[in-house]
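**Q** Just so you know, we're using full-length UniProt numbering here: the sequence shown kicks off at 1 and counts up by one. Submitted below is the structure of interest, expressed as structure tokens.
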Amino acid sequence: MKRNKEIYKVTMVGGAVNVMLLLFKFVAGIVGHSAAMIADAVHSLSDFVTDIIVLVFVRISGKPTDKSHEYGHGKYETLATTLIGLALLIVAVGIVYSALTKIIAWAQGEPLKAPGMLALWAALLSIILKEAVFHYSMVQARKLKSQAVEANAWHHRSDALSSIGTAIGIGGAIFLGERWTVLDPMAGIIVGLFIIKVAIDLLRNGIGDLMEHSLPDEVESEILQLAGSIPGVTEPHNLHTRRIGNHYAIELHILMDDDISLREAHNKSEEVENILREHYGKETHISVHVEPKSIREH
């Protein structure tokens with residue numbers, strides 16, 4: 001419950017910033033005739049939507065295990081990460097399409113209005129605020145070990161970086177004269193392409209966890225090393241791993257001498273579980289299967 005409250009707090013801070021910025025950006029984009037700023041405003045709107053997704057799904061993922069979810073509800077947090085990536089991708093494609101149509105119209109001789117200074121100020125304010133929220137969210141994501149908060153932090157960073165492109169495009173369109181007003185929608189395309197990359201990374205990670213991808217090779221090697229460090233335990237093998245939300249699931253086999261008692265074997269397997277939980281967190285799901293050495297010898 002404490003972890004969930006901290007996640008809510010981080011998300012609410014980001015949500016408050018997003019609401020303020022999206023309203024300011026929409027007004028600045030419309031009043032300042034800036035396609036790049038309107039695209040940036042849509043990005044901030046998607047940030048706000050993902051804040052809501054995080055609040056809803058983290059609440060569900062924090063529920064204790066029950067008969068229908070014996071491994072817990074952690075996958076809901078992974079699902080939230082995937083939905084954030086999908087939302088980002090949809091927004092990015094829309095931004096690129098909108099900006100591209102403006103550039104095509106400009107190439108065909110249709111004049112583009114130069115954006116106003118209000119749009120530039122909105123972009124600069126967005127850079128400062130969203131970068132600050134990104135760093136705050138990342139610190140909390142690592143502290144809380146939350147995939148969803150980390151995904152949302154990168155969403156804030158993508159908004160900050162998109163605002164840099166927006167500011168450059170708007171500034172160029174304002175200060176370089178009428179011939180360069182096309183820089184505004186060009187900045188929109190650059191922003192959109194950057195967001196597409198971030199979205200694909202989030203989708204790849206989220207879908208990978210939902211599809212039960214194994215943990216990285218370096219983590220699996222570390223697990224085998226930790227298990228094998230217990231005196232009396234040899235040849236940890238048949239390792240299976242996956243991620244359940246922000247927790248790990250680890251299943252492995254270990255070898256022990258044939259002549260030890262059942263109690264001794266049980267105690268040793270508990271030592272393996274304890275050292276893994278100390279390293280990866282008390283919520284880690286661990287299953288250790290004990291085999292006599294003679295089985296491997298034959």
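The beta carbon of each residue, even a glycine, is placed where N, CA and C say it ideally should be.
Going by DSSP, which residues form a beta bridge with S287?
**A** According to DSSP, S287 bridges with E251.
**Q** Quick one: grab the DSSP three-state call for I7.
**A** Correct three-state label for I7: helix.
**Q** Measuring only the C-alpha atoms, how far is H240 from E251?
**A** Distance between the alpha carbons of H240 and E251 is about 5 angstroms.
**Q** Which of helix, strand or coil does DSSP assign to G110?
**A** First, the residue type needs correcting, since residue 110 is Glu and not Gly in the sequence shown. E110: coil per DSSP, three-state reduction.
**Q** Got a sec, what are the start and stop residues for the alpha helix (DSSP H) L262 sits in?
**A** Unbroken alpha helix (DSSP H) run through L262: 262-280.
**Q** For G165, I'd like the list of residues in its chain whose CB is within less than 6 angstroms of its CB, leaving aside the five on either flank, ordered along the chain.
**A** Within the same chain, G165 has close Cβ partners A187, I190, V191.
**Q** Less than 6 angstroms between C-beta atoms, sequence neighbours within five positions excluded: which residues of the same chain meet that for A249?
**A** Excluding sequence neighbours, A249 sits near R242, H285.
**Q** Hey, quick one: how far does the alpha helix (DSSP H) through L124 stretch, first residue to last?
**A** It spans 117-144 - the alpha helix (DSSP H) in which L124 sits, taken as one unbroken run.
**Q** Any idea what DSSP makes of L239, helix, strand or coil?
**A** Looking at L239 - three-state DSSP - the assignment turns out to be strand.
**Q** Need the endpoints of the alpha helix (DSSP H) that residue 301 sits in, please.
**A** Since the first residue of the chain shown is 1 and the last is 298, residue 301 is not available in this structure.
**Q** Hey, D47 and D159: beta-carbon distance below 9 angstroms or not?
**A** Against a cut-off of 9 angstroms, the Cβ pair of D159 and D47 comes out as a contact.
**Q** Per DSSP, what kind of secondary structure is M256 in: helix, strand or coil?
**A** Strand, per DSSP.
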